[in-house]
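Notes follow once the structure below has been shown.
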Amino acid sequence: MRELLEFLNFGPVILEVLIALAPLLIIFIIFQVFFLRLPKEYLGKVIRGICLTLIGLTLFLQGVKVGFLPVGYQIGETLSQIDARWIIIPIGFLFGLVATLAEPAVRIMSY
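Residue numbers (our numbering): 7 to 117.
This is the structure we're talking about:
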């Protein structure tokens, strides 16, 4: 159980998310104080949204850290041991193509 908790260490991920969200939060606070002056009810909704963003982004990045990164390291290690080095370029192109096509933002921009 202890290994699992160490493997799922959320501390660094939460810190990364807080660092990423801090500039947005600071800008929002400045605009709220000087320009927006939103009512308390709406401000409460914004704060809940920021908290949900913090939770969602933390869970997403933790999932990437636990699920995708080990697979990526394993694929990279396996590819580096291939004798036919020329095959790495088409495989890299294929990975890039699949990742690009899978990204919803890229598909939306193509319309």
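Every residue gets a Cβ at the ideal spot worked out from N, C-alpha and C, and that includes glycine. Keep in mind it's a predicted model, so treat the numbers as computed, not measured.
To the nearest angstrom, how far is it from the Cα of LEU42 to the Cα of TRP92? So the alpha carbons of these two residues sit roughly 57 Å apart.
Using three-state DSSP, classify ILE20 as helix, strand or coil. The three-state reading of DSSP puts ILE20 in helix, counting H, G and I together.
Return helix, strand or coil for LEU14, following the three-state DSSP convention. Correct three-state label for LEU14: coil.
Rounded C-beta distance between LEU67 and VAL19? I'm assuming under 8 Å. At roughly 5 Å, the Cβ-Cβ gap stays under 8 Å, so LEU67 and VAL19 are in contact.
With C-beta atoms as the reference, is THR64 less than 9 Å away from VAL23? Yes, the pair counts as a contact, with Cβ atoms nearer than the cut-off.
With distances taken between CB atoms, is the gap from PHE37 to VAL52 smaller than 9 Å? The answer is no: Cβ separation not under 9 Å.
Where ARG43 sits in the DSSP three-state scheme: ARG43 falls in the coil class under three-state DSSP.
If you drop the 5 nearest sequence neighbours on each side, which residues of the same chain put their C-beta closer than 6 Å to that of LEU14? The beta carbon of LEU14 sits closer than 6 Å to no other beta carbon from its chain once the five residues preceding and following it are set aside.
If you run the structure through DSSP and keep just helix, strand and coil, what is ILE88? Under the three-state reduction of DSSP, ILE88 is assigned to coil, being neither helix nor strand.
Terminal residues of the alpha helix (DSSP H) in which PHE99 lies: Per DSSP, the continuous alpha helix (DSSP H) segment holding PHE99 begins and ends at 94-108.
My understanding is that LEU31 touches ILE56, with C-beta atoms under 8 Å, so please give their C-beta distance in whole angstroms. About 7 Å separates the two Cβ atoms, so the contact holds.
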